[in-house]
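Just below is one structure, and these are the notes that go with it.
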Amino acid sequence: NDLLQNGRQSLSNHKVEFAPKVYTAAINENNGQLMKSLKKYFERQWKIKYGSSNQWFKLLLEEYKDAVNYDSVLSRTAEYGHRYLKDCPILSIVLQLLFEGIDDKFFDETNAFNDLWCTITNNGLKSIENFSDNKKQSVLLQALCEYYRPKLFELLEISEIQDEDNLYESALNNVAKYGWLQGLQEVEERIIVRHYNTLRAKIPVFGDTSGKSVQPKVEAPILENNQSCVFGQDTQISWKFSGIGKPRVTWFFNDQPLPTNDRLRVMETDDGTSILTIRQAELGDQGVYTARATNAFVPQWKP
């Protein structure tokens, strides 16, 4: 049960039950029989436990089955069990599948997945306003409905709010789109004031997330505002960004969009580094250069 609940890592709790050679192989071999069996078990759980009543989720699994990211999410689940599935496995799995940039460092090193989770479960689909793929938006909206439904419906019942004229589903759709606060405001006029006030007081918003976003991580070879060059020679400015999905980088010069031409060129590498090359630097090139990196969330600026 420990293994099926907490994944392969839980073997460390039972190390004395194995011969050293067997334990070492089981805990280290990513293509060994144990991992293969665990992946089959969790994949079956996804399809039966979570997908039997959610046809859209089963279709999503089929669509992503041959993708590299699918195996990564499945392997992470086999390794850690339910550790990263939060209190709504469907939503967690969907987020991990849709945002291909999510890897283990987003769970352990930066804790960015937890930030993503808090943001989207407080502020709804609108918190990822740059997520323009309509098909993915639809899938994520349905996953958010699965997260909000039991919590919202229980609060509505506790607040003695009747489900008249499909109020519950309307509230659910709005909360999934706009988050707890704005979503409930969309149906406020349909609810008795006293009951609505009771409901608002019970909203489970965790912390101040009204403006919170998951921002790209920034790396640079030099300190800010410390770039120098020699007139007539080429110079480069570079910033490395990493985020959930590949961040989009835009350059600005003195707060204005930087025009690119034969002298001013921007190149992006596969590791997320954006490099601005200024050929034969001139006096007019002096100023403040800003690289703006945008996740599927709110942007972070770095001068």
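The opening residue of the sequence shown carries number 2 in this note's numbering; numbering runs sequentially from there. C-beta: ideal position from N, C-alpha, C; glycine also. The structure presented is a predicted model; accordingly, all values stated were derived computationally and were not measured.
Closest Cα partner of ASN124 within the set ASP72, TYR149, GLN234: Position 123 of the sequence shown, counting from 1, holds the residue named residue 124. Answer by Cα proximity: TYR149.
Leaving out the 5 sequence neighbours to the left and right, which residues in its chain are closer than 7 angstroms to GLU18 when beta-carbon positions are compared? Looking up residue 18 in the sequence shown gives position 17. No residues qualify anywhere along the chain.
Taking ASN198 as the reference, give the member of GLU161, LEU284, GLY52 with the closest Cα. As a working mapping, residue 198 is identified with position 197 in the sequence shown. Of GLU161, LEU284, GLY52, the residue nearest in Cα terms is GLU161.
Can you grab the Cα-Cα spacing for the pair THR270 / LEU182, in whole Å? Mapped onto the sequence shown, residue 270 falls at position 269. Mapped onto the sequence shown, residue 182 falls at position 181. Their Cα atoms are separated by approximately 40 angstroms.
Classify ILE103 as helix, strand or coil using the three-state DSSP reduction. Residue 103 sits at position 102 when you count from the first residue of the sequence shown. Three-state DSSP puts ILE103 in coil, outside helix and strand.
Any 3 or more C-beta pairs closer than 8 angstroms across the segment 55-68 and the segment 25-40: In this structure the segment 55-68 does not touch the segment 25-40; the number of beta carbon pairs closer than 8 angstroms is below three.
Under a three-way DSSP split, which group does PHE253 fall into? The residue labelled residue 253 in the question sits at position 252 within the sequence shown. Of the three classes helix, strand and coil, the one that applies to PHE253 here is strand, per DSSP.
LEU53 classed as buried or exposed, judged by whether at least 16 other C-beta atoms fall within 10 angstroms: Within the sequence shown, residue 53 is the residue found at index 52, counting from 1. It is Ser, not Leu, that sits at residue 53 in the sequence shown. Classification of SER53: exposed, given that the 10 Å Cβ count is below 16.
Does THR261 pass the burial test, meaning 16 or more other C-beta atoms within 10 Å, or should it be called exposed? Counting from 1 along the sequence shown, the entry for residue 261 is found at position 260. With fewer than 16 Cβ atoms within 10 Å of its Cβ, THR261 is classed as exposed.
Using a Cβ distance threshold of 8 angstroms, determine whether the segment 162-179 contacts the segment 90-101, with at least three qualifying pairs required. With the cut-off at 8 angstroms, the segment 162-179 and the segment 90-101 do not touch.
Can you tell me where the alpha helix (DSSP H) with ILE28 in it begins and where it stops? Position 27 of the sequence shown, counted from the start, is the residue given in the question as residue 28. Its alpha helix (DSSP H) spans residues 21-29.
Between which two residues does the beta strand (DSSP E) carrying ILE276 extend? One-based indexing of the sequence shown puts residue 276 at position 275. Counting along the chain, ILE276 sits inside the beta strand (DSSP E) bounded by residues 274-279.
May I have a chain-ordered list of the alpha helix (DSSP H) segments no shorter than 4 residues that lie completely inside the segment 53-99? DSSP runs (the alpha helix (DSSP H)) wholly in the segment 53-99: 56-65, 69-81, 90-99.
Which term fits GLU155, buried or exposed, when burial requires 16 or more other beta carbons within 10 angstroms of its beta carbon? As a position in the sequence shown, residue 155 is number 154, starting the count at 1. Burial call: exposed.
Where does ALA113 sit, in a helix, a strand or coil, going by DSSP? Along the sequence shown, one-based indexing puts residue 113 at 112. Correct three-state label for ALA113: helix.
Report back the beta-carbon spacing between ARG9 and LEU39 to the nearest angstrom; my notes put them in contact at under 8 angstroms. Counting from one through the sequence shown, the residue named residue 9 turns up at place 8. Counting from one through the sequence shown, the residue named residue 39 turns up at place 38. Contact between ARG9 and LEU39 is confirmed by a C-beta separation of about 6 angstroms, below the 8 angstroms threshold.
What residue does the alpha helix (DSSP H) around LEU265 start on, and which one ends it? Sequence index remark: in the sequence shown, residue 265 carries index 264 (1-based). Unbroken run through LEU265 is the beta strand (DSSP E), 265-269; no alpha helix (DSSP H).
Per DSSP, which residues does PRO258 bridge with? Please list them. Taking the sequence shown and counting its residues from 1, the one referred to as residue 258 is at position 257. Answer is PHE253, bridged to PRO258.
Would you report the Cα separation of ASP3 and LYS203, rounded to the nearest angstrom? Along the sequence shown, one-based indexing puts residue 3 at 2. Along the sequence shown, one-based indexing puts residue 203 at 202. Approximately 35 angstroms, taken between the alpha carbons.
LEU173 beta carbon less than 8 angstroms from that of LEU141: In the sequence shown, counting from the first residue as 1, residue 141 sits at position 140. In the sequence shown, counting from the first residue as 1, residue 173 sits at position 172. Inclusion of LEU141 and LEU173 in the CB contact set at 8 angstroms is not warranted, their separation being larger than that value.
For PHE232, does the count of other Cβ atoms within 10 angstroms reach 16, so buried, or fall short, so exposed? Reading the sequence shown from its first residue, position 231 is the one you call residue 232. With fewer than 16 other beta carbons inside 10 angstroms of its own, PHE232 counts as exposed.
Would you identify the three-state DSSP class for ILE192, choosing helix, strand or coil? The residue labelled residue 192 in the question sits at position 191 within the sequence shown. In the structure shown, ILE192 sits in coil (DSSP, three-state: anything other than H, G, I, E or B).
Quick one: is MET268 buried, meaning 16 or more other Cβ sit within 10 Å of its Cβ, or exposed? Taking the sequence shown and counting its residues from 1, one reaches residue 268 at position 267. For MET268, the number of other beta carbons within 10 angstroms of its own is below 16, and it is reported as exposed.
With C-beta atoms as the reference, is SER42 less than 8 angstroms away from LEU5? One-based indexing of the sequence shown puts residue 42 at position 41. One-based indexing of the sequence shown puts residue 5 at position 4. Reading the sequence as shown, one finds Tyr at residue 42 and not Ser. Their beta carbons are under 8 angstroms apart, which means TYR42 touches LEU5 by this criterion.
Once DSSP output is grouped into helix, strand and coil, what is the label at SER239? Here the question's residue 239 lines up with position 238 in the sequence shown. Three-state result, SER239: strand.
Output yes if chain D places a C-beta closer than 8 angstroms to the C-beta of VAL95; else output no. No chain D is part of this structure, which consists of one protein chain only.
N-terminal and C-terminal residue of the alpha helix (DSSP H) that GLN34 is part of: Translated into the one-based positions of the sequence shown, residue 34 becomes position 33. 34-46 is the extent of the alpha helix (DSSP H) around GLN34.
Span of the alpha helix (DSSP H) around GLN6: Mapped onto the sequence shown, residue 6 falls at position 5. Boundaries of the alpha helix (DSSP H) harbouring GLN6: 3-7, taken from the DSSP string.
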